[in-house]
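Novice: Quick one: this structure, given as structure tokens, is what I'll be asking you about.
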Amino acid sequence: MLRQPKTFRLKSVGTVLTILSAFGLAYSLKPLPSETVKAAANSHDPNLQLSSFHASEEGDYSKGDLALFAFKLHPVDNAKPGSYEEMSRVLSKAEWALLPAADRRVARQMLLDARKGHTVIEPCFAPGTKPAVISAFSKIGKSLSLASRSLRAGNNELRTDGGARWTQTASNPSIAAGAPFTLTWNLAKDGARENDANGAVSNIRAWAATTYGSEESFRQVIRDMFARYEKLTGIHYVEVNYDDGAPIFSSPGALDVRADIRIGGKRIDGDYGVLGYNAFPNSGDMMLDTEDSFFRDAGTGVGLFNTLAHEHGHGLGLGHTCPGNGTKLMEPALNSGFKGPQLDDIQAVQYNYGDGFEQTPRNNALENAVDLGSLNLNGEKAVDEQSINATSTDVDYFKFMPDALNRTITVQVVPRGQVYLEGPQNDDGSCSAGSDFDPRNKRNLSVSILSNTGAVIATSADTGIGTTKIIENVKVTTLVTPLVVRVVALDTTTAVQGYVLRIKENLYIDPTPTPTTTPAGTPTPAPTVTPVPTATPVPLPIGSIAFTEPTYSVNENGRQATISVQRVVRNNQGRTGAVSVKYQTTTTGTATAGADYTAVTGTLSWANGDSTVKTFTVPILDDTIRENNETVGLRLYDLVGTGTIAPTRQTAVLTIVDNETGALDKTAPRVAITKPSFSALNVDLIQGTATDTGGTGVASVVLYIQRPFDNQYWSGTAWTRTKTALTTQLSGSTWTRSSGNPPKTSIAGNILIITANATDRAGNVGAATLRTIVDSTAPAVYIQVPFSGARLKTLGRVSGTVSDAEGDSTLVISLRRSSDRKFWTGVGNNWATNATPLPVNLMISGEWNRSIWPTLTAGNYTLIATGTDEVGNSTSATTEFSIVSTNPSVAGS
1397 MLRQPKTFRL KSVGTVLTIL SAFGLAYSLK PLPSETVKAA ANSHDPNLQL SSFHASEEGD
1457 YSKGDLALFA FKLHPVDNAK PGSYEEMSRV LSKAEWALLP AADRRVARQM LLDARKGHTV
1517 IEPCFAPGTK PAVISAFSKI GKSLSLASRS LRAGNNELRT DGGARWTQTA SNPSIAAGAP
1577 FTLTWNLAKD GARENDANGA VSNIRAWAAT TYGSEESFRQ VIRDMFARYE KLTGIHYVEV
1637 NYDDGAPIFS SPGALDVRAD IRIGGKRIDG DYGVLGYNAF PNSGDMMLDT EDSFFRDAGT
1697 GVGLFNTLAH EHGHGLGLGH TCPGNGTKLM EPALNSGFKG PQLDDIQAVQ YNYGDGFEQT
1757 PRNNALENAV DLGSLNLNGE KAVDEQSINA TSTDVDYFKF MPDALNRTIT VQVVPRGQVY
1817 LEGPQNDDGS CSAGSDFDPR NKRNLSVSIL SNTGAVIATS ADTGIGTTKI IENVKVTTLV
1877 TPLVVRVVAL DTTTAVQGYV LRIKENLYID PTPTPTTTPA GTPTPAPTVT PVPTATPVPL
1937 PIGSIAFTEP TYSVNENGRQ ATISVQRVVR NNQGRTGAVS VKYQTTTTGT ATAGADYTAV
1997 TGTLSWANGD STVKTFTVPI LDDTIRENNE TVGLRLYDLV GTGTIAPTRQ TAVLTIVDNE
2057 TGALDKTAPR VAITKPSFSA LNVDLIQGTA TDTGGTGVAS VVLYIQRPFD NQYWSGTAWT
2117 RTKTALTTQL SGSTWTRSSG NPPKTSIAGN ILIITANATD RAGNVGAATL RTIVDSTAPA
2177 VYIQVPFSGA RLKTLGRVSG TVSDAEGDST LVISLRRSSD RKFWTGVGNN WATNATPLPV
2237 NLMISGEWNR SIWPTLTAGN YTLIATGTDE VGNSTSATTE FSIVSTNPSV AGS
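Heads up, the sequence shown is in our numbering, so the first residue is 1397 and it goes up one at a time.
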């Protein structure tokens, strides 16, 4: 259902307190107040949903809603900064454990910002980001944004993710739904802080100049991105040259002071994780990770463009949409297989902001009709990416001028798009599988041709929702003023309907006139009908070898197709000499060899004087799968003897006509990459699963392996600029590639992006992407206390650091006695020959410590700290110290 946003938003914790007070709930940050909040606190369940506390009708903010929101924000008593306990009301312990250290810091900052009343942000993730990271951030955002809403792309459902649309800007104090308005933008001044005086400092301008050669190169990509949205919507974007350095995200736009949209940059979590994040309306500020090598690897190409476009999608009120199958800009993880907003994204953004002709002056009035210019005989004007938006008053006008009176006009309004999978991001942050969404049946459109004064000349028949509306062969009667086309919706549904407008001009042919009565004796001659000349086909060269037809057809249950090949003879010429030619089926069609047909190759021969038609057969494999008709490529090559192969008949197409009935399979296979993991020692084995439950079955899985360091692809033997599909072996639901993979030594930058595309028998393609770090570097381990050579009276608190450039590490420590080289077991005063790994207190910063030790006698000892990263690389640090029975010369405990 469509859930409208509330008229108020919770701008700050102060607002929360005011509203809670209005509901009769006493509240302060310490201690926990109302019984409702205490009940929530007692559950200590970070997965607690708002529905558990609803006490009013759907869509309202109940006391329980607000109490739970307050509970999520409330500090946990005695929680150490950066600890799980501090985040325990928004994430489970398992979810926290899966977050890398850098992302834990980002998550904590989101919580702290929410407590201060700052706007909730929505991140964009690099290709291959761990699903656990995406899920955790999405869950945090949902937990901290009770009172804000966003529009999810596709089915126009308003979800609790952020503001639905812009309602005011620096240039427009009040904006009605669907009305045109202006958004100003600029890069934030370097040194501007995020949210408040204690926030991180932006370095976007210096970073842009260093990364892209100049700030101007970076700005141009931003201009191009905003230009695309301007073409799609009623929003006018203006680049301004002023910025006062005020805090980003918490400072609204003001003319001649700062832009509505300010783009900043800082370190977020480093390489290939969170690429950036954006606020929802009425803030549209953006923050990019200026220490993420993704931007260096992507250059000023599609990767950067789509990151900016994705983030600005949030800035327009769009939430994430699923499934993550590489077809939508607003999927949680970034896609680079296309550029800019796709069908689903366009559908969503035009819901609130209309199409590109809604900008001032809007084409919703006759006098503001969009001028399409003049038509030409047999010419067509096509206008795409148009829509009737979600307001009940939207109407579109276009005008054009025919080029002569003896013309007819045909107009079509075609609903835009096709069925695709679309669904929400789940409350736990995972992506839903989605369901079929048909963007063509949202509104019942109608089209009319009008005179320049608005008089209706013709209107399309009402053939129902989702159908093409047509007006055919309307005769042109004047060239003094233009004709006008009007597109409206016949219903008042709150939905957006995209369409393509087509206007075609044809020659007007008078019907045969009725003969007039002629005086007797004067016969009326029959009118002479002049035939319209038909195009003369270009004859095939004499003596050439050619397919007899450009296309052939066979029913799927026909068992085989017979293909005929001729030796072209005319006027008894062209049969001299012997000739032979090879034939083969090719993979240029949509059918799959071995599944739909059997590939063939062979030779056809003609003796001297022979001109008979030769044939070969293609075996057809019948199945029980309902699928589209499929094609097989046919080719003639390697002629030997007299003659040539006819250039226009060297290839042909065989169509296999499906013989099953029922619904077509429109669901893409599900594909996953299970090996390697997100961090790996090598990629000698790449493996995964592909299933097509209830569908036509998986036909093939191919891989693309990209090295983002220089944007090259693995060909199977070398790195090249060509994107090469690598085959896999498919056995049941498991696919494998175990040879021909890139060796570790060739992986510059240590990062690979692996994409697996699974294609089913109906041609649907499912995709999965994995970013893996091929890690051969052990973590860095240091023992800071005690330092080597320390003379101690007792062994107290031992501390140090462990860090790994590619992820998290674990650390254990052992204590060895020099006198007999035995190790402390961790129990009592027991010592053993083999080392016992002793746990330490390890913080997300990488700092570690341990304070529990036995009572040591005088002598020499060695501490051995061993750090191990996620893929098994490990290293150790040691320090030697002495226990003395008298006062030590250096205190180390």
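Beta carbons: idealized from backbone N, C-alpha and C, even for Gly. For clarity, every value in this text was computed on a predicted model and none was experimentally measured.
Note down, in chain order, each residue of its chain lying with its Cβ closer than 6 Å to the Cβ of L2032, except the 5 sequence neighbours on either side.
Specialist: V1977, Y1979, I2041, Q2046
Novice: Should N1551 be labelled buried (16 or more other beta-carbon atoms within 10 Å of its own) or exposed?
Specialist: Bear in mind that a pLDDT of 35 at N1551, under 50, signals an unreliable position, so the model cannot answer this.
Novice: Per the contact definition of three or more C-beta pairs closer than 8 Å, is the segment 1674-1694 in contact with the segment 1558-1575?
Specialist: yes
Novice: Rounded to whole angstroms, how far is the Cβ of I1861 from the Cβ of V1807, which I believe are closer than 8 Å?
Specialist: The pair is not a contact, with the Cβ atoms about 19 Å apart (cut-off 8 Å).
Novice: Apart from the five residues on each side of it in sequence, which residues of its chain come closer than 6 Å, Cβ to Cβ, to A2176?
Specialist: Contacts found: S2199.
Novice: Secondary structure at D2156, three-state DSSP: helix, strand or coil?
Specialist: strand
Novice: What do you reckon, are the CB atoms on T1580 and G1649 nearer than 8 Å?
Specialist: yes
Novice: So, for N1599: in the same chain, excluding its five sequence neighbours on each side, which residues have a beta-carbon less than 7 Å away from its beta-carbon?
Specialist: D1586, G1661, K1662, T1686
Novice: Is G1726 helix, strand or coil by DSSP?
Specialist: It should be noted that the sequence gives Met, not Gly, for residue 1726. Three-state result, M1726: coil.
Novice: Is the segment 1951-1968 close to the segment 2048-2055, with three or more CB pairs under 8 Å?
Specialist: yes
Novice: The alpha helix (DSSP H) with W1492 in it runs from where to where?
Specialist: 1489-1493
Novice: Among all the DSSP beta bridges, which residues are the ones paired with L2126?
Specialist: W2131
Novice: Could you say which of R2213, R2246, Y1895, N2160 lies nearest to T1864 if we only look at CA atoms?
Specialist: Y1895
Novice: Using only alpha-carbon positions, find the residue among R1501, V2094, E2023 that is nearest to A2059.
Specialist: Measuring from the Cα of A2059, the nearest candidate turns out to be E2023.
Novice: Using the C-alpha atoms, what's the distance from R1624 back to T2120?
Specialist: 30 Å
Novice: Can you give me the C-alpha to C-alpha distance between V1870 and V1766, rounded to a whole angstrom?
Specialist: 20 Å
Novice: Counting Cβ pairs closer than 8 Å, one from the segment 2162-2174 and one from the segment 2145-2153, do we hit at least three?
Specialist: yes
Novice: Would you call the segment 1510-1518 and the segment 1636-1649 touching, i.e. three or more CB-CB distances under 8 Å?
Specialist: yes
Novice: With hydrogens ignored, establish whether the beta-carbon of D1667 is closer than 7 Å to any heavy atom of the ligand MG.
Specialist: Among the ligands in the structure shown, none appear at all, so the ligand MG cannot be discussed.
Novice: Quick check: what's the CA-CA separation for N1438 versus R1485?
Specialist: A caution first: N1438 carries a pLDDT of 41, below 50, which makes its placement in the model too unreliable to give a value.
Novice: Do you know how far the Cα of S2096 is from the Cα of G2128?
Specialist: Taking the straight line from one Cα to the other gives about 11 Å.
Novice: For V2223 and E2276, what's the separation of their Cα atoms in angstroms?
Specialist: 22 Å
Novice: List the DSSP bridge partners of M1683.
Specialist: G1660, Y1673
Novice: Tell me whether K1535 sits in a helix, a strand or coil according to DSSP, three-state version.
Specialist: helix
Novice: So for I2147, helix, strand or coil by DSSP?
Specialist: strand
Novice: Since T1703 is in the alpha helix (DSSP H), which residue starts that stretch and which ends it?
Specialist: 1698-1711
Novice: Exposed or buried, which one is D1693 when buried takes at least 16 other CB atoms within 10 Å?
Specialist: buried
Novice: Ends of the beta strand (DSSP E) at W2249?
Specialist: No beta strand (DSSP E) holds W2249; DSSP gives it neither H nor E.
Novice: From what residue to what residue does the beta strand (DSSP E) around I2021 run?
Specialist: First-last for I2021: undefined, no H or E at that position.
Novice: Work out the CA separation of S1534 and G1819 for me, nearest whole Å.
Specialist: Approximately 15 Å, taken between the alpha carbons.
Novice: For T1873, which residues from the same chain have a beta carbon less than 8 Å from its beta carbon, with the 5 sequence-adjacent residues on both sides left out?
Specialist: L1801
Novice: Out of curiosity, what's the CA-to-CA distance linking Y1423 and N1474?
Specialist: Note on Y1423: pLDDT 32, under 50, position unreliable in the model; the coordinate value appears next. Their Cα atoms are separated by approximately 20 Å.
Novice: Take the Cβ of F1734 as the centre, count every other Cβ of all protein chains shown within 10 Å, and call the residue buried at 16 or more, exposed below.
Specialist: By the 10 Å Cβ count, F1734 comes out exposed.
Novice: Taking DSSP's pairing of strands, which residues face F2074 in a bridge?
Specialist: DSSP output for F2074 lists no bridge partner at all.
Novice: Would you identify the three-state DSSP class for N1837, choosing helix, strand or coil?
Specialist: Looking at N1837 - three-state DSSP - the assignment turns out to be helix.
Novice: Can you check which of these residues, A1493, K1476, D1667, G1537, is closest to P2104 by C-alpha distance?
Specialist: D1667
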